[in-house]
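*Asks:*
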Amino acid sequence: MTGTVPSYAQLSNIPADASLLPVGVVQGSLPAQAGDVAVDQQTADRRGITLGSVLPVAATMDPAEDAPEAELTVTALVESSVDPSMTGAAQLYAVDTTVLEYADAERGYSRILLALGDDASGASVQSSLSDALAGAGISSVSVRTVEEETTELMAGLTDGQDSLTVILLAFAAVALLVCALVVSNTFSVLVAQRTRELALLRCIGAGRSQIRRSVLVEALLVGIVSSVAGVLAAVALVGGIVAYLQTLPESGFATLSVPPSAVAAGFAAGVILTVLAALVPARAATAVAPLAALRPAEDVRAGTRRGRVRLVSGLLLIASGAALLALGATDGDLIIALPGGILSFVGILMCSTLFIPPLVRAVGFLASPLGVPGKLAAVNAVRNPQRTSATASALLIGVTLVVMMMTGAATARSAFNDTLAGEFPVDVTVRGAIPVESPFTGNDAAAAAAVENVEQAAFLPLAGLLGSDGEETPVYSLDAADSSVLLDASMVPVDGAIMMPQGTEAQTITVRGAAGDVELDVVTSSSRSFPALVSAETARTLGGVPEQQTPERFQPQPLLWLAVADGLNTSQILELQSALAEALNIEEYQIMGSVIERAAYEQVIDVLLMVVTGLLGVAVVIALVGVANTLSLSVLERTRESSLLRALGLTKRQLRGMLALEAVLIAGVAALFGIGLGAVYGWLGAQSALGAFADVAPVLPWAQLGGVLAVALVAGLGASLLPARRAARLSPVAGLAAD
């Protein structure tokens with residue numbers, strides 16, 4: 048499709064059966080004769096096309112090719128197709144006779160759509176057509192139903208790999224792991240709280256298997272109810288998201304699909320996870336003799352056999368994982384670093400019982416100035432080291448992964464910025480379209496300079512050519528007054544020399560000009576994207592561009608170099624690109640440079656970070672539910688103790704403060720340790736992914752890290768509200784009477 052600014056379009060024929068037309072008519076009437084065309088509404092709005100507009104449509108943009116070209120009259124504006132493969136493309140529809148003028152007869156049809164009758168079965172028609180084609184010896188044609196065609200289309204878009212699903216399942220696995228820790232910790236507290244009850248049951252004849260089954264059946268019932276609620280909530284949430292996406296033009300193809308396999312998998316995962324997480328608490332309920340169960344259970348410390356096994360295993364995983372992670376970071380190989388990071392993190396979680404309680408105890412000294420509630424909170428927070436470690440570990444996983452993504456994104460952003468600054472000589476380069484309709488002039492530079500956030504615009508006219516006819520490389524000239532537009536002052540061309548891109552090996556180069564050939568010394572720039580550039584004085588010596596053999600529409604044209612304001616964010620840069628395209632009457636793809644490339648990378652990084660942080664936030668919320676759950680059970684477990692403290696003079700406010708400080712201590716230690724781990728993993732991950740082609744220096748987003756810590760502390764405080772309220776409402780007399 049040609050015009051002031053040519054662009055590509057997809058021309059489709061209008062089917063005889065209106066039900067097969069994938070779009071609806073917004074305005075006008077569909078083409079009924081040759082020479083008429085329908086245009087999608089999005090393209091019409093973007094290019095100012097209305098009913099009655101005449102569009103020059105050519106089968107190719109190369110005038111040297113003998114291809115059909117005609118002027119088509121717009122008779123209808125239609126909806127934009129929701130086909131993902133056509134998103135963003137100009138979409139044209141015409142009758143068969145018009146389309147056949149542009150079609151390649153040798154290639155035939157790309158596809159044939161069939162509308163079935165009301166009584167026809169898709170499966171039977173598919174089988175009959177397949178048999179008929181096979182009988183005719185045609186094996187290269189596939190007959191698919193709507194569902195099969197959709198699956199094939201998506202496989203083509205993703206190259207046969209559903210990477211997004213894999214990523215989402217990875218985050219789901221993280222959430223499941225956190226859930227398992229929370230469930231296991233909850234059942235451990237429940238079993239510990241009912242130790243006397245279970246011991247008495249053992250004394251009156253209950254067997255170990257019966258006690259174990261009672262705990263597992265309880266877990267099974269909890270898992271069934273929770274899984275049903277979780278599946279229903281997930282379907283409702285996704286349904287709401289799809290309903291919103293369907294209101295957006297660019298994602299109107301979104302549909303809700305709830306396959307039975309997904310429902311069954313989600314339900315089974317919830318039930319199995321709950322039961323498995325309850326196995327260790329169930330074993331703990333029956334692992335001791337009835338009389339021994341009346342005494343407190345032994346904590347997992349380094350001095351016990353279980354503690355020594357856990358310590359040795361964890362240290363081995365940390366050592367081996369750290370070695371792989373360091374090797375991957377050194378070699379810039381993410382495939383090696385990824386398993387190393389996983390192994391080392393699992394090792395740290397296994398050793399958590401050995402270092403989290405001491406950290407909580409050390410940080411607990413900060414609460415001492417708050418008086419008795421602060422001192423009691425520090426003691427209670429580490430009374431059961433195993434429970435404290437399990438509760439903190441669940442939060443540690445989420446915080447570590449969130450901070451890892453934040454640090455990795457900030458480090459990658461910095462590495463990209465440094466690399467792009469070395470690749471591109473200026474902030475923004477504006478190139479002309481091909482074919483050439485109207486070359487840039489000094490007036491275009493003035494128009495670009497008038498755009499907001501553009502500080503300087505330089506016009507680079509053509510000075511000469513390199514190479515032979517048919518393969519000429521343009522040489523541009525830069526006036527000394529405009530040299531400040533360059534990001535690196537060492538790239539300013541000097542008289543009698545030519546500045547060439549990085550990697551040029553020749554010492555001298557002959558430049559063809561209208562005044563003759565001139566041999567110039569070569570000065571190599573530090574950028575691989577640098578064009579051949581000479582000074583204005585050298586350009587006058589060359590006398591301009593010699594006559595070329597290539598078609599005039601495809602001859603090289605001048606450039607515009609722009610310097611933009613510092614500190615622009617991604618949104619402002621994208622707005623600047625759109626404003627420049629409008630001011631210069633060009634397409635946005637013609638505007639490039641370090642600023643534009645940085646905006647594109649940062650947009651991808653920001654969207655990825657937002658999605659990943661949101662997904663990992665689910666794990667953090669689950670962990671905070673675990674903190675509240677553990678604290679609630681701990682309050683029930685310490686009912687008599689809390690009542691005794693109240694009887695000795697501890698006020699309701701002090702009791703609530705004690706429980707709040709206990710939750711804040713656990714959440715704060717998990718957040719601080721997670722921030723440290725996440726920062727290290729984020730930097731090493733960025734080094735592993737980008738180290739092979741960029742210099743990676745660690746960058747810590749301090750504001751975001753501070754936000755993570757603040758959210759963890761506030762959330763920990765919020766998790767204590769209900770348990771503290773429940774404990775404060777119980778009278779001392781009733782609490783002391785409880786058994």
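Under the working numbering, the residue at position 283 of the sequence shown is numbered 330, and the numbers go up by one with no gaps.
By construction, the Cβ of each residue, glycine as well, lies at the ideal position given by its N, Cα and C atoms.
These numbers come from a predicted model, not from an experiment.
For the segment 548 to 560 and the segment 525 to 540, state whether three or more C-beta atom pairs, one from each stretch, are separated by less than 8 angstroms.
*Replies:* Output reads no: the segment 525 to 540 does not touch the segment 548 to 560.
*Asks:* Kindly indicate which three-state DSSP category N431 falls into: helix, strand or coil?
*Replies:* Here N431 sits in coil by DSSP.
*Asks:* Pair every Cβ in the segment 687 to 705 with every Cβ in the segment 722 to 742, then say whether three or more of these pairs are closer than 8 angstroms.
*Replies:* No contact exists between the segment 687 to 705 and the segment 722 to 742.
*Asks:* Just mark F807 as buried or exposed, buried being the case when its beta carbon has 16 or more other beta carbons within 10 Å.
*Replies:* Absent from the structure is residue 807, since the part of the chain shown begins at 48 and ends at 786.
*Asks:* Taking S524 as the reference, which of A266, L589 and G661 has the closest Cα?
*Replies:* Here the closest residue by C-alpha is L589.
*Asks:* Thinking C-alpha only, which one of E126, S127 and P78 is nearest T120?
*Replies:* Residue P78 is the option with its Cα nearest to T120.
*Asks:* For the segment 669 to 730, list the alpha helix (DSSP H) runs that are entirely contained and at least 4 residues long, ordered along the chain.
*Replies:* DSSP runs (the alpha helix (DSSP H)) wholly in the segment 669 to 730: 686 to 694.
*Asks:* Could you tell me if Y55 is buried or exposed, where buried requires 16 or more neighbouring beta carbons within 10 angstroms of its beta carbon?
*Replies:* With fewer than 16 other Cβ atoms within 10 Å, it is exposed.
*Asks:* Could you check how far apart the C-beta atoms of A425 and L695 are, in whole angstroms? I think they sit under 8 angstroms.
*Replies:* About 18 angstroms; that fails the 8 angstroms criterion.
*Asks:* Mapping DSSP to helix, strand and coil, what is I61?
*Replies:* The answer is coil: DSSP assigns I61 none of H, G, I, E or B.
*Asks:* Can you tell me whether DSSP reads Q751 as helix, strand or coil?
*Replies:* Reduced to three states, the DSSP call for Q751 is helix.
*Asks:* Could you check where the beta strand (DSSP E) with F506 kicks off and where it finishes?
*Replies:* Unbroken beta strand (DSSP E) run through F506: V501 to L507.
*Asks:* Name the two residues that bound the continuous beta strand (DSSP E) containing I545.
*Replies:* Segment A544 to M547, the beta strand (DSSP E) holding I545.
*Asks:* Could you tell me the distance, in whole angstroms, from the CA atom of T192 to the CA atom of A170?
*Replies:* The straight-line gap from Cα to Cα measures roughly 8 angstroms.
*Asks:* For a test of the three-state rule: what should DSSP assign to A370, helix, strand or coil?
*Replies:* Here A370 sits in helix by DSSP.
*Asks:* Kindly indicate which residue of L448, A583, V475 and V104 has the alpha-carbon position closest to the one of V667.
*Replies:* Checked all of L448, A583, V475 and V104; the closest Cα to V667 is L448.
*Asks:* Measure the C-alpha to C-alpha separation of E499 and M657 and round it to an integer number of angstroms.
*Replies:* Looking at the two C-alpha atoms, the distance is approximately 29 angstroms.
*Asks:* How is the beta strand (DSSP E) around P521 delimited, first residue to last?
*Replies:* Taken as a continuous stretch (DSSP letters only), the beta strand (DSSP E) holding P521 covers T520 to L525.
*Asks:* Rounded to the nearest angstrom, what separates T333 and S235 at their Cα positions?
*Replies:* Those two C-alpha atoms are separated by around 12 angstroms.
*Asks:* Determine the direct distance from the alpha carbon of N616 to that of T660, and round the result to whole angstroms.
*Replies:* Distance between the alpha carbons of T660 and N616: 20 angstroms.
*Asks:* Mind the definition here: the segment 458 to 475 touches the segment 740 to 751 only if three or more C-beta pairs lie below 8 angstroms; say whether that holds.
*Replies:* As far as the Cβ criterion goes, the segment 458 to 475 touches the segment 740 to 751, which means the pair count is three or higher.
*Asks:* Please classify P386: does DSSP put it in a helix, a strand, or coil?
*Replies:* If DSSP states are grouped into helix, strand and coil, P386 belongs with the helices.
*Asks:* With 16 other CB atoms within 10 Å as the buried threshold, where does V101 fall?
*Replies:* With fewer than 16 Cβ atoms within 10 Å of its Cβ, V101 is classed as exposed.
*Asks:* State the DSSP-derived secondary structure class of R241, mapped to helix, strand or coil.
*Replies:* Correct three-state label for R241: coil.
*Asks:* Could you check where the alpha helix (DSSP H) with Y140 kicks off and where it finishes?
*Replies:* Premise fails: Y140 lies in the beta strand (DSSP E), A137 to A141, not in any alpha helix (DSSP H).
*Asks:* With distance defined between alpha-carbon atoms, name the residue in L623, A736, D465 and G270 nearest to V611.
*Replies:* Nearest option by C-alpha distance: L623.
*Asks:* What is the rounded straight-line gap between the Cα of P779 and the Cα of Q257?
*Replies:* C-alpha separation (whole angstroms): 36 angstroms.
*Asks:* Below 8 angstroms on the Cβ atoms is my guess for V318 versus G270; work out the distance and round it to an integer in Å.
*Replies:* Confirmed, about 4 angstroms.
*Asks:* Exposed or buried, which one is A324 when buried takes at least 16 other CB atoms within 10 Å?
*Replies:* Label assigned to A324: buried.
*Asks:* Is the segment 636 to 643 close to the segment 500 to 513, with three or more CB pairs under 8 angstroms?
*Replies:* With a cut-off of 8 angstroms, the segment 500 to 513 and the segment 636 to 643 do not count as touching, because too few Cβ pairs lie within range.
*Asks:* Taking D87 as the reference, give the member of Q57, L67, P103 and R249 with the closest Cα.
*Replies:* For D87, the nearest C-alpha among the options comes from Q57.
*Asks:* Which residue or residues does DSSP assign as beta-bridge partners of V72?
*Replies:* For V72, which the question treats as bridged, DSSP gives the partners V125.
*Asks:* Per DSSP, P103 forms a beta bridge with which residues?
*Replies:* Answer by DSSP bridge pairing, in chain order: E118.
*Asks:* Contact check, P540 vs L580 under 8 angstroms by CB: the rounded distance?
*Replies:* With 8 angstroms as the limit, P540 and L580 qualify as a contact, their Cβ atoms being about 5 angstroms apart.
*Asks:* Under the rule that 16 or more other beta-carbon atoms within 10 Å means buried, what is S186, buried or exposed?
*Replies:* Its Cβ having fewer than 16 others within 10 Å, S186 is exposed.
*Asks:* By the three-class DSSP mapping on this structure, what secondary structure does T233 have?
*Replies:* Three-state DSSP puts T233 in a helix.
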